[in-house]
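K.L.:
In order, the protein sequences belong to chains A and B. Sequential numbering from -5 applies to the first sequence in the working numbering. Sequential numbering from 847 applies to the second sequence in the working numbering.
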Amino acid sequence: MTQAFRIENGGLINRDKKLSFKFNGKTYFGYEGDTLASALLANGVHLVGRSFKYHRPRGFFGAGVDEPYAVVQLFRNGETEPNIKATEQELFEGLEAKSVNCWPSVNFDIGAINNFLKIFLPAGFYYKTFMWPKSFWYRIYEPFIRKAAGLGVASTKHDKERYEHKYEYCDLLIAGSGPSGLAGAYAAAKNGAKVILAEDKPRFGGSLLTSDVNIGNKSGKDWAEGIIAELKTMPNVVVKNRSQIFGYYDHNMLVMSEKVSDHLPSTKKYQPNKRLWYIRAKEVLISSGSIERPIVFGNNDTPGVMLSSAAKEYLKVYGVLVGRKPLVFTNNDSGYETAIEFKKHGVDPVVLDSRKNPDSEIIDEAKNLGINIKNSHVVVAAQGYKKVKSAEIASISKDKKQLGKIENIQCDCICVSGFWTPTIHLASQSGNKTKFKEEIDAFVPGQSKQNEITLGAANGVFSLEETLKTSFTAGGELSKKITENDNEIAIPNVVEKKFSQHDKFWCVPLPKGKNYKRFLDFQNDVAVSDIEIALREGYRSIEHVKRYTTLGMATDQGKTSNLNGLQLVSEIENKVVPAVGHTTFRPPYTPVSIGAIVGREVGKHSKPTRKSPMHSWHEKNNAVFVDAGVWLRPRYYKRGNENLFEGSKREAKNVRTNVGVCDVTTLGKIDIKGPDAAELLNRVYTNAWLKLPVGKARYGVMLREDGIVMDDGTTTRISENHYHMTTTTAQAANVLSHLEYYLQLVWPELNVNVVSTTEQWAGAAIAGPKSRDLLQKLFPNYDLSNEGLPFMGYMEGDLFGVKARIFRISFSGELAYEVNVESDYGNFMWEKIMEVGEEFNIQPYGTEALSTLRIEMGHVAGSELDGRTIPYDNALEGLVSKNKDFIGKRSLLRSAFTAEDRQRIVGVVPLDKKTSIPEGSHLVKDDKAQLPNPKLGHISASCWSVEHDNPFSLAILKDGKNMIGEKLFAMSPLKNKVIPVEIVSSHYVDPKGERVRS
Amino acid sequence: MLYINCPHCGMRSQNEFSYGGDASVKRPELNKEVSDQEWDNFVYNRKSLRGKHLELWQHISGCRQWIKVERDTATHEIFRTFKADEEVA
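1) Counting only C-beta atoms, is E359 of chain A closer than 8 Å to chain B at any point?
2) Among B:K929, B:Y849, B:W903, which one has its Cα closest to the Cα of R858 of chain B?
3) For the candidate residues A:R884, A:K383, A:V345, A:D358, whose alpha-carbon lies nearest to that of N366 of chain A?
4) Taking C-beta to C-beta, are G654 of chain A and A761 of chain A nearer than 8 Å?
5) Could you name the residues of chain A that L876 of chain B contacts, counting a contact when the two beta carbons are closer than 7 Å?
6) Roughly how many whole angstroms lie between the Cα atoms of G634 of chain A and K643 of chain A?
7) Using C-beta distances below 7 Å, list every residue in its chain close to T417 of chain A, excluding the 5 sequence neighbours before and after it, in chain order.
8) Quick one: is R604 of chain A near chain B, going by C-beta distance under 8 Å?
9) Please confirm whether L848 of chain B has its beta-carbon closer than 8 Å to some beta-carbon of chain A.
10) Locate the beta strand (DSSP E) running through G707 of chain A, then write down its first and last residues.
11) Relative to the C-alpha of K907 of chain A, which residue among A:A855, A:K929, A:V978 is closest?
12) Write down the C-beta distance between I702 of chain A and T448 of chain A rounded to the nearest angstrom, noting that I regard them as a contact closer than 8 Å.
13) How many Å lie between K12 of chain A and E87 of chain A at the Cα?
14) How would you write the range of the alpha helix (DSSP H) that H609 of chain A sits in, first residue to last?
15) Specify the secondary structure class of T464 of chain A as computed by DSSP and reduced to three states.
16) Quick check for students: name the residue ranges of the beta strand (DSSP E) that lie wholly in the segment 313 to 338 of chain A, counting only runs of 3 or more.
17) Between the segment 740 to 766 of chain A and chain B, which residues of the former have a C-beta closer than 7 Å to a C-beta of the latter?
18) Taking R644 of chain A as part of the alpha helix (DSSP H), name the residues at either end of that continuous run.
19) With DSSP run on the structure shown, which of helix, strand or coil describes K761 of chain A?
20) Run the CB neighbour count on H40 of chain A, radius 10 Å, all protein chains shown included, and call it buried at 16 or more, exposed below.
21) Going along chain A in order, which residues have a C-beta closer than 7 Å to the C-beta of R892 of chain B?
22) Could you tell me which chain B residues have their CB closer than 8 Å to the CB of G425 of chain A, listed as they occur along the chain?
23) Spatial neighbours of A183 of chain A within its chain, please: CB distance less than 7 Å, with the 5 preceding and 5 following residues excluded, ordered by chain position.
24) Could you tell me the boundaries of the beta strand (DSSP E) in which M250 of chain A lies?
25) To the nearest angstrom, report how far apart L626 of chain A and N780 of chain A are at their CA atoms.
26) Quick check on A935 of chain B - is its C-beta less than 8 Å from some C-beta in chain A?
27) Along the chain, where does the alpha helix (DSSP H) that runs through W824 of chain A open and close?
28) How would you write the range of the alpha helix (DSSP H) that A183 of chain A sits in, first residue to last?
29) Given that V880 of chain B touches chain A, what residues does it touch there, using C-beta distances under 9 Å?
30) Under a CB-based cut-off of 8 Å, is Y735 of chain A close to chain B?
31) Is the CB of H599 of chain A under 8 Å away from at least one CB in chain B?
32) For I836 of chain A and P763 of chain A, what's the separation of their Cα atoms in angstroms?
33) Along chain A, in chain order, which residues have C-beta atoms closer than 7 Å to that of V915 of chain B?
34) Mind checking whether G820 of chain A and R629 of chain A have CB atoms under 8 Å apart?
35) Looking at the C-beta of S875 of chain A, does it have a partner C-beta in chain B at a distance below 8 Å?
36) Looking at the strands, I want to know which residues DSSP matches up with P974 of chain A.
Encoded structure:
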C-alpha cells in the first residue's frame, strides 16, 4: 500500500525501516520515527474518532501534546490502553489502534444523531435535564450517559508491566529542549552544575526542528543536535527524551514521567514501562515553549482543520502533506512559514490573512514565491462532513464585525494560526502569579515564587536571538551561584526573520442567517454558543463557566481552547482578559498512567511484609497465615481437612487441657533505660509504677490526653534502671513516638532513653496447665515453681546455651510463660519447645485460638481498645490510680466519661447456645422496633468458647454494669441475622483468675 | 512534597517525617489543678490559622527527633526549623 501523502524525500523519519500497523482493523505502513498520527496522515487517513457529545467526526488538530481529537485505544503486546494521543504515540512494528467514542464504527456512528439534536444539548444540558424524577437517575439516565459518553475502555486485566519510581537531586532542572532549554542547559553544564534536561518528545530541539533559522552558521536543527551530542558526553548532565515534567510541587520538587517502553512493540527485559522521577532541583529553568492557538470559525472541528504549526511539523519532521490544496488562515506571520513550506514541496496554498496590510520579511518571501495571499480575509466556515472539501471565505471589515460577500473555495485542509500561547503550566503550578501580556494576548509568568525562571516562548519571547541570549545568561548565572564556576560562553550569531505584529483577532462572526457551530473546546464539544448560554444564565466566575460548560476539562485540559474561551467571556462581559483571569493550572500537565504513579507498590509490594524468625517452621507445619498489620502470622496450623473453625478450636482446647505454644514475636517491644525510667512509666501508664521491684512484670494501660485508651501491655523491670515494655502489634510504632514526644518535648528533664527492640527478640508464649512442666524441662537448672517464678515474675535463663528471658505472663488466662531469645535463635528456641513439649502433647496455636482464649477470659484487645473507649468501658478502672497524675487523667473527669449509664464491656451468649454472633452486630432491646432502632451497644469480638462449647462474644454495652442477666437481640443487617441473646459477665472462664496464679 | 531542614540531619523530604500539630501548645503541669476550659484548650482547641505556624514534626524515618518547624500554612514556605529544646524567638 502506498503512502500517498508522503513526500519523496525529507523529514527526520528513517525511510530504511518500514513498519506495518493496524488502525480500525486495516493494515497500513509507516516509517520508523513516525507517530501514529503522522503515519495515518501519510496514508490519507483524517477521520480518527468521534467527538464526546455530538459524535461529530474528528481528525487531527495538532502534532503533539496539545492534540484535542486524536485519542485512540491502543493495543500492544496483548494489552490495551485507553486514551492515547495518536500524535504522541510513536509507531512500532505491529502497533494496533482503534477509534474511541463511536459505535458501531468511526465511519457510521449512531451517536452522531446527537449532532442533529444539538439544539437540545446546550451547556448544562445534563444538569438541567436529568434532575427528575429522582428514581430515574440510577436506572435510566446514568447508564445512558455512561454508555454514550466517555473515551477509551480501561483494561480489566492485571497490568503485567512494571513501573519504577526514582528520586533525583540536581542543581538545575530544565523543562524542554527547545532553543532556550538547550542554551540554559549548555551554559549551566559548562559551569559544572548537575543538570537534568527533559524533553517530552522523542526528538530534542523543540521549535528548532521545524523553524527556518540559522545559529552559528548552522541550521537550527544541526545546532541543536550538536549541543545535545556534547551534553550527552558530560558526566554532570542527564539528558532525557520521552520525559514529561508534568507537575511542579512544593519546595522545588518536580515530577517527571519517562516513557521508557511505549515506543517499542513490547517492554524489554529488566526495563520498566514507565519511570516516574521525583526531582528536587535547586533551580528550575522552564523552557516549555508555546502552543499555537486556533482562530474560531464555523465548523472549525471538521477533519482537515488543523493548527498551521502542526501542518508544518508533519511536513518537516515526518515528510507528510496534510493536504494537496491547503488553505492557510492566519492572523500573524507564522501561517506564512507553513505556506512557504507547502510551496517548497510543489503544493500551492492560499493564505487568508485577517490583517489589512501586513508587511514583513517573511510575507515578502511568500509573495516572491508566488503564493496567493488574500488580506482582510477570513474563513467563515469549513464545508464537508468527514473531511474538509471547501471553505466559505469572506472579506472582513476593519472592526472585524462585518463580513463581505461569501465565496466558496475548494481546499482539502485548513491550516489555522491565531498566534501563540506560552505554556505557563509549570510556572503557574509553582505558585507564580501569572500576568497578562497585551502584546501577545496571552498570560506569561510573573514574579517567581519558587526557584524557577521561565524563558523563551514560554515567557512570551518569540525572538530566537533574545531567547538564546537570555537563556545562555540565565543558565550561566544560576549555575554560577551553585558551583561558583564562571565559564564565558560566546553567544552564537543568529539569523532569523523578524515578525510583524499579529492581529488581535480570534473569532470569526457568524454570517447573517447562519448558525454554524463554532467550537472552542474540540474534545468536549464546547461551542461559542455554550459559553454565551452560561453567561446568560448568570455564571460569572471563569471557574464556574468552565465547570458548567466543561470548557477545558477534557484530557487535553484546554491547551488550545482556554485562551479563546477567556477572550469570549471578556468580550461578552465587556471586561479585559486579565480581569476575567484564568482557571487554575493543576498537575498533571498531560495524562499520566496510574501505573506510573503507583510504581512498584502494588500487590504484595504495596506494603512491607514482616515475618518472624520462626516463619519457615510455620510454613513447614501447614500454618495458614493471616495479615496482622504488616506481619504475617499463623492463623491456625491445618491438620488434614480441618477448616479454620475446627483447627482453632482444637488448638484452643489443647491449651486449656495440655500446653500450646504461640509465636508472639510481633508484639511491640521497647527497651527503656535511665534513672528516671520508673517516673516515665508512672506518668505514661494509668497505674502506679514507682514500686515495681526488679524481676517483676506489671500490666499497664496507657491513655491519650483525651482519656481514650491508647494501648496496653506488660512492662518488666529487668534491672534497677532498665525496663522492657511490650505493646500491641498494631500500636508499636505509635507508642514509641508517643514516648519520644513526652521525653523530647514535654518532660525533657527526665533522664530516659527509649528504643524499639521489636525485631531484636523472638517470642514464644507457652500456655496451658502443663506449661510449667515443659518449662522446667527447658530450663532444668532453674527453680520455676510457683514460689521460684510467681505470676508476673521474671528471670533470665539459659536455654541449651542460649540466653533467654522468661516472663510469667498470660494472655490466654492459663498458667503461662513467655520466653524471649535473640531473634537469630528464635527458630532454635521454637524447635526445642516443640521437641521437649512432645511428651506433654504440645501443639502450636495461631491467632484464631489466641483470640478465642482471650475472649472467653474477657481480656481486652484491639477490638475493644478501638480508640473510642476509656478504662472503665474495658473494666480496667481498677488500674486507674487515684493518687498520682498521668497522661489523660484530667480528661476522665468529663461528664460523659463519668455518666451513671456509661458503656461497659459485657459477655454475650446466644439463647440457643448455637448461633455465632457476627462481630459488629448491634445490641438492641426490641428487634421489631421502628428504624432507626436505638443501638445499646455492639459486639466487639466473637468466638466459640472451648470451655463451655457454645458461642461467646464480648460487647461494649450502654450501662453494661447493670445489664448482666438482661435479654437483648443482636442484629446484623449485613449478615441478615437477628439473634436473641443474654448478657453475662465478660469473664466467662475462670472469673477469679486462679489459673494464672496456679 | 515539602523539603524540611531537620536540625539534626539536614534537608530531608517530607515523606521521612510525620506531622505533630501545633508546637505552641503547652501541656499543663502534672498534678496541677486545671480548669475545664484550660484542659479543653490543651486537648482540643486549635487555631488552625492561615499563615505562619509553628508546628511539630517527627523525623520518624531518620533520627526520630521531634522538631519544630515554622511554616506558612497557605504557601507551605518553611522559614526556620528548631530542635525540640531550642527556644523560638
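Note that beta-carbon positions come from the ideal geometry of N, C-alpha and C, so glycine has one too.
P.N.:
For this structure:
1) Walking along the first sequence from the start, residue 359 of chain A turns up at place 365. No, E359 of chain A lies away from the interface with chain B (no Cβ there is under 8 Å from its Cβ).
2) Numbered from 1 along the second sequence, position 12 holds the residue referred to as residue 858 of chain B. Considering only alpha carbons, the answer is B:Y849.
3) One-based indexing of the first sequence puts residue 366 of chain A at position 372. When each option's Cα is compared against that of N366 of chain A, the closest is A:V345.
4) Taking the first residue of the first sequence as 1, we reach residue 654 of chain A at position 660. Taking the first residue of the first sequence as 1, we reach residue 761 of chain A at position 767. For G654 of chain A and A761 of chain A, yes; Cβs fall inside 8 Å.
5) Within the second sequence, the letter at position 30 stands for residue 876 of chain B. What L876 of chain B touches in chain A: R677, D879.
6) The sequence position of residue 634 of chain A within the first sequence is 640, counting from 1. The sequence position of residue 643 of chain A within the first sequence is 649, counting from 1. Roughly 14 Å separates the two Cα atoms.
7) Here residue 417 of chain A refers to the residue found at position 423 when the first sequence is read from its first residue. For T417 of chain A, where only same-chain residues beyond five positions count, the Cβ hits under 7 Å are S282, G283, S284, I285, A452.
8) Counting from 1 along the first sequence, the entry for residue 604 of chain A is found at position 610. Answer no: the Cβ-Cβ gap between R604 of chain A and chain B never drops below 8 Å.
9) Within the second sequence, numbered from 1, the residue matching residue 848 of chain B stands at position 2. It does; some Cβ of chain A falls within 8 Å.
10) Position 713 of the first sequence, counted from the start, is the residue given in the question as residue 707 of chain A. Here the beta strand (DSSP E) through G707 of chain A covers 703 to 713.
11) Here residue 907 of chain A refers to the residue found at position 913 when the first sequence is read from its first residue. Here the closest residue by C-alpha is A:V978.
12) In the first sequence, residue 702 of chain A corresponds to position 708, counting from 1. In the first sequence, residue 448 of chain A corresponds to position 454, counting from 1. Actually they do not touch by this definition, with Cβ atoms about 51 Å apart.
13) Taking the first residue of the first sequence as position 1, residue 12 of chain A is located at position 18. Taking the first residue of the first sequence as position 1, residue 87 of chain A is located at position 93. Near 8 Å, if we compare the C-alpha coordinates of E87 of chain A and K12 of chain A.
14) Taking the first residue of the first sequence as position 1, residue 609 of chain A is located at position 615. Here the alpha helix (DSSP H) through H609 of chain A covers 609 to 614.
15) By 1-based counting over the first sequence, the position of residue 464 of chain A is 470. In the structure shown, T464 of chain A adopts helical secondary structure according to DSSP, grouped into three states.
16) For the segment 313 to 338 of chain A, whole beta strand (DSSP E) runs of length 3 or above, ordered along the chain, are 320 to 324.
17) V740, P742
18) The sequence position of residue 644 of chain A within the first sequence is 650, counting from 1. 638 to 651 is the extent of the alpha helix (DSSP H) around R644 of chain A.
19) Within the first sequence, the letter at position 767 stands for residue 761 of chain A. Rather than Lys, the amino acid found at residue 761 of chain A in this sequence is Ala. A761 of chain A falls in the strand class under three-state DSSP.
20) Taking the first residue of the first sequence as position 1, residue 40 of chain A is located at position 46. Burial call: buried.
21) Locating residue 892 of chain B in the second sequence gives position 46, where the first residue counts as 1. The premise fails here: R892 of chain B is roughly 13 Å from chain A at the closest Cβ pair, so nothing lies under 7 Å.
22) Taking the first sequence and counting its residues from 1, one reaches residue 425 of chain A at position 431. Chain B residues near G425 of chain A: T921.
23) In the first sequence, residue 183 of chain A corresponds to position 189, counting from 1. These residues qualify, in order along the chain: V189, L225, M228, N230, V231.
24) Counting from 1 along the first sequence, the entry for residue 250 of chain A is found at position 256. 247 to 253 is the extent of the beta strand (DSSP E) around M250 of chain A.
25) The residue given as residue 626 of chain A occupies position 632 in the first sequence. The residue given as residue 780 of chain A occupies position 786 in the first sequence. Near 35 Å, if we compare the C-alpha coordinates of N780 of chain A and L626 of chain A.
26) Taking the second sequence and counting its residues from 1, the one referred to as residue 935 of chain B is at position 89. A935 of chain B does not count as touching chain A.
27) By one-based count along the first sequence, residue 824 of chain A stands at place 830. Counting along the chain, the alpha helix (DSSP H) containing W824 of chain A begins and ends at 820 to 831.
28) Position 189 of the first sequence, counted from the start, is the residue given in the question as residue 183 of chain A. Counting along the chain, the alpha helix (DSSP H) containing A183 of chain A begins and ends at 173 to 184.
29) As a first step, residue 880 of chain B is located in the second sequence; it is residue number 34 there, counting from the start. Going along chain A in sequence order, the residues near V880 of chain B (Cβ under 9 Å) are R884.
30) Walking along the first sequence from the start, residue 735 of chain A turns up at place 741. Yes, Y735 of chain A counts as interfacial toward chain B.
31) Indexing the first sequence from 1 puts residue 599 of chain A at position 605. H599 of chain A does not count as touching chain B.
32) On the first sequence, position 842 is the one that residue 836 of chain A refers to. On the first sequence, position 769 is the one that residue 763 of chain A refers to. So the alpha carbons of these two residues sit roughly 11 Å apart.
33) Residue mapping note: residue 915 of chain B aligns to position 69 of the second sequence, counting from 1. Within chain A, no residue comes near V915 of chain B; the closest Cβ sits about 12 Å away, beyond 7 Å.
34) Reading the first sequence from its first residue, position 826 is the one you call residue 820 of chain A. Reading the first sequence from its first residue, position 635 is the one you call residue 629 of chain A. No, the pair does not count as a contact, with Cβ atoms beyond the cut-off.
35) Position 881 of the first sequence, counting from 1, holds the residue named residue 875 of chain A. It does not; no Cβ of chain B falls within 8 Å.
36) Here residue 974 of chain A is taken as the residue at index 980 of the first sequence, counted from 1. Paired residues: A:F963.
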